[in-house]
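Undergrad: Please see the structure below; I have some questions.
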DNA sequence: AGTCATGTTGACGA
DNA sequence: CTCGTCAACATGAC
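In this note's numbering, the protein residues as written are 615 to 857.
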């Protein structure tokens, strides 16, 4: 379900509850959520794949992981992990991770590493990558402390667009191409957002789950790559391997 | 019908 | 203590 852009969509969908008071709380999460009752939500934020419900002195962090879902003003049959009721609606989260972050939310997150944040700082990503020069690009691109919000779909699409083999070693990729990869992580995320809103995301995949290269028509390679062993789809003819 | 995956954390052993 | 590996979570697409 979620890479960064999907969480941005979630944030947009709950805007009707900004400034609203939580009048009922329930759910099968193990953490103490009773403290949310009668509190007012002053903001919804996202940091990569984290969805943040901000109250005055603490924040509820929701992570949908692989299978998490939510419903707004609707319910599924299964029990919600967290359900927030308002005087004119409700939000229900299922099979997700729920945690509380105390104090000011800004003390918990560096917004400049989130590829969809207004404060996204590509220069900072470049500096972080210089310290990881012996890693494979397919691993570092999924590092949430560098490219918060980027997931395995975005990884595959960005590397295909940039003509870079996923097993390329970061330190061996020319700076110009490295900059392009960094920029594309943010650019592609916004295109992902645009297409997902139109329910036509899959139609625009050029690498993820593909079996043939649309550029040269040769068969794609599918392989679990890097330390993370996540699926990579790539064309060894069009994507350059730097080792 | 069985397999597999858009993700992350924490436990455990070496 | 650190590193590496793996289980756990649990839904739905194909």
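Note that beta-carbon positions come from the ideal geometry of N, C-alpha and C, so glycine has one too.
Provide the residue span of the alpha helix (DSSP H) that contains residue 772, from first to last.
TA: 766-775
Undergrad: What is the DSSP secondary structure of residue 618, counted as helix, strand or coil?
TA: helix
Undergrad: What does a CB cutoff of less than 7 angstroms around residue 632 pick up in its chain, not counting 5 residues either side in sequence?
TA: 655, 657, 658
Undergrad: Evaluate residue 695 with the Cβ neighbour count: other Cβ atoms within 10 Å of its Cβ, from every protein chain shown; 16 or more gives buried, anything less gives exposed.
TA: buried
Undergrad: Could you spell out the range, first to last residue, of the beta strand (DSSP E) harbouring residue 572?
TA: Outside the shown range of the chain (615 to 857) lies residue 572, about which nothing can therefore be said.
Undergrad: When the Cα atoms are used, what is the spatial distance from residue 784 to residue 856?
TA: 8 angstroms
Undergrad: Taking the beta carbon of residue 619 as the centre, do at least 16 other beta carbons fall within 10 Å, making it buried, or is it exposed?
TA: buried
Undergrad: From which residue to which residue does the beta strand (DSSP E) around residue 712 run?
TA: 711-716
Undergrad: Who are the Cβ neighbours of residue 798 in its own chain at under 8 angstroms, not counting the five residues just before and after it?
TA: If we look at residue 798 and ignore the five residues flanking it on each side, its Cβ neighbours are 772, 775, 776.
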